[in-house]
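Visitor:
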Amino acid sequence: MRFINKLAKEPLFQFLIIALVLLGGERLINAEDYAYDQYRIEITDKQLLQFMQLRAKTFKPDQAMEALQRLSSEDRQRLVDDYARNEVLFREAMALNLDKNDQIIRRRLIQKMDYLAQGFYDETQPLTEDDLRAYYAEHRQAYKKSAETTFTHVFVSSQNRSVDAAKITADKLLAELNAEQVPFEKASRYGERFLYNRNYVNREDDEIGSHFGKPFQEQLFAYSIGEAWQGPVPSNYGWHLVLLVKNNAAYIPEFEEVSSGVFADAQRLQQSDTKRLAIKKLLAKYQIVTDRPVTDQVATDLVVTE
405 MRFINKLAKE PLFQFLIIAL VLLGGERLIN AEDYAYDQYR IEITDKQLLQ
455 FMQLRAKTFK PDQAMEALQR LSSEDRQRLV DDYARNEVLF REAMALNLDK
505 NDQIIRRRLI QKMDYLAQGF YDETQPLTED DLRAYYAEHR QAYKKSAETT
555 FTHVFVSSQN RSVDAAKITA DKLLAELNAE QVPFEKASRY GERFLYNRNY
605 VNREDDEIGS HFGKPFQEQL FAYSIGEAWQ GPVPSNYGWH LVLLVKNNAA
655 YIPEFEEVSS GVFADAQRLQ QSDTKRLAIK KLLAKYQIVT DRPVTDQVAT
705 DLVVTE
């Protein structure tokens with residue numbers, strides 16, 4: 405007894421007793437965590453629902469619940485087997501610390517969280533017609549239709565002759581084309597071979613400018629359509645005689661004409677904003693230490709795509 409009393413007064417012994425009490429209390433409080441068995445997998449309907457939604461790449465719990473309830477016993481068992489297989493592979497990978505210091509795994513986990521942020525899409529309000537019209541009014545220029553033209557041309561090159569000589573040849577050829585009333589389909593019988601095309605059907609102004617040069621583009625779209633040949637029009641290569649059958653100026657279409665495109669663009673913007681705000685909320689939970697000020701741009705930088 406005297407030995408026990410002496411031992412009880414020792415600081416080291418007292419420290420060990422206190423440590424054992426604390427350890428026992430911690431084990432008692434976290435008994436559920438310590439009861440975790442790596443080799444026991446409990447699969448609930450809640451886990452299956454989440455698994456189904458992730459595989460379907462859509463977050464609609466009600467639809468997923470209905471689909472789960474409609475599964476036959478064989479299909480449900482296959483779903484359970486798939487979930488168990490994934491869970492086993494995940495646990496074994498974690499046991500081997502494969503998630504540590506692996507940039508590929510890190511990137512995939514970031515992509516998964518980025519994807520999960522898309523689940524907030526279903527919480528957004530559907531776009532109304534007023535929303536779409538407001539978006540259209542703000543982005544009208546994005547829906548501008550380019551000027552289009554349909555024409556054929558007869559080319560006179562200035563490569564092997566002076567510009568003035570080529571112009572005189574073109575003037576004479578213009579008079580001949582109009583005197584003979586040469587139609588669109590017979591233009592290929594006249595003039596010289598051009599680097600690009602002879603006939604241009606429903607071509608946009610940018611393409612015309614890239615083939616002939618800006619001055620030619622501007623002059624062509626200044627002409628009126630008709631049965632007479634017009635020109636000569638200068639280009640980067642020589643002179644051109646033009647038979648113009650279509651000449652539509654650039655214009656901005658009415659909302660009704662591009663409503664489907666407006667809806668797609670507005671929805672894409674809404675989804676992008678929704679995901680950005682979701683990631684911003686996640687960022688708000690963390691203290692970020694840096695040598696430069698942190699801005700909202702960080703939330704945008706965290707959006708990772710495949």
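In the numbering used here, the protein residues as written are 405 to 710. Cβ atoms here follow ideal geometry from the backbone N, Cα and C, with glycine treated the same way.
Buried or exposed: Thr-528, going by 16 or more other Cβ atoms within 10 Å of its Cβ?
Guide: Under this definition Thr-528 is an exposed residue.
Visitor: Can you tell me whether Leu-578 is buried or exposed, with buried defined as 16 or more other CB within 10 angstroms of its CB?
Guide: Burial call: buried.
Visitor: Count the other CB atoms within 10 Å of the CB of Gly-665; is the residue buried (16 or more) or exposed (fewer)?
Guide: With fewer than 16 other Cβ atoms within 10 Å, it is exposed.
Visitor: Would Tyr-438 be called buried (16 or more neighbouring beta carbons within 10 Å of its own) or exposed?
Guide: Its pLDDT being 42, under 50, Tyr-438 is placed unreliably in this model, and the coordinates cannot settle the point.
Visitor: Go through the segment 527 to 589 residue by residue and report every complete run of the alpha helix (DSSP H) that reaches 4 residues or more, in order.
Guide: Listed in chain order, they are 533 to 542, 567 to 583.
Visitor: What span of residues does the alpha helix (DSSP H) with Arg-489 cover, start to end?
Guide: 477 to 499 is the extent of the alpha helix (DSSP H) around Arg-489.
Visitor: What's the call for Leu-673, buried or exposed, on a 16-neighbour Cβ count within 10 Å?
Guide: The residue in question, Leu-673, is exposed, as its Cβ has fewer than 16 Cβ neighbours within 10 Å.
Visitor: Taking Pro-587 as the reference, which of Val-649, Phe-667, Leu-502 has the closest Cα?
Guide: For Pro-587, the nearest C-alpha among the options comes from Val-649.
Visitor: Between the Cα of Pro-530 and those of Leu-681, Ala-668, Arg-680, spot the shortest distance and give me the residue it belongs to.
Guide: Out of Leu-681, Ala-668, Arg-680, Ala-668 has the C-alpha closest to the C-alpha of Pro-530.
Visitor: Going along the chain, which residues of its own chain have a beta-carbon closer than 6 angstroms to the beta-carbon of Phe-616, five neighbours each way excluded?
Guide: Here the set comprises Ser-639.
Visitor: Within the continuous alpha helix (DSSP H) that includes Glu-611, where are the two ends?
Guide: Note, Glu-611: alpha helix (DSSP H), 609 to 616.
Visitor: Mind checking who Trp-643 pairs with in its DSSP beta bridge?
Guide: Paired residues: Val-560, Pro-638.
Visitor: Comparing alpha-carbon positions, which option in Pro-636, Leu-452, Glu-660 lies nearest Tyr-540?
Guide: It is Glu-660.
Visitor: Which residue comes first and which comes last in the alpha helix (DSSP H) that contains Pro-465?
Guide: First-last of the alpha helix (DSSP H) with Pro-465: 465 to 474.
Visitor: Can you check whether the CB of Ala-591 is closer than 8 angstroms to the CB of Arg-602?
Guide: Yes. Within cutoff.
Visitor: With three or more C-beta pairs closer than 8 angstroms as the rule, is the segment 536 to 552 touching the segment 593 to 600?
Guide: At 8 angstroms Cβ cutoff, the stretches do not touch.
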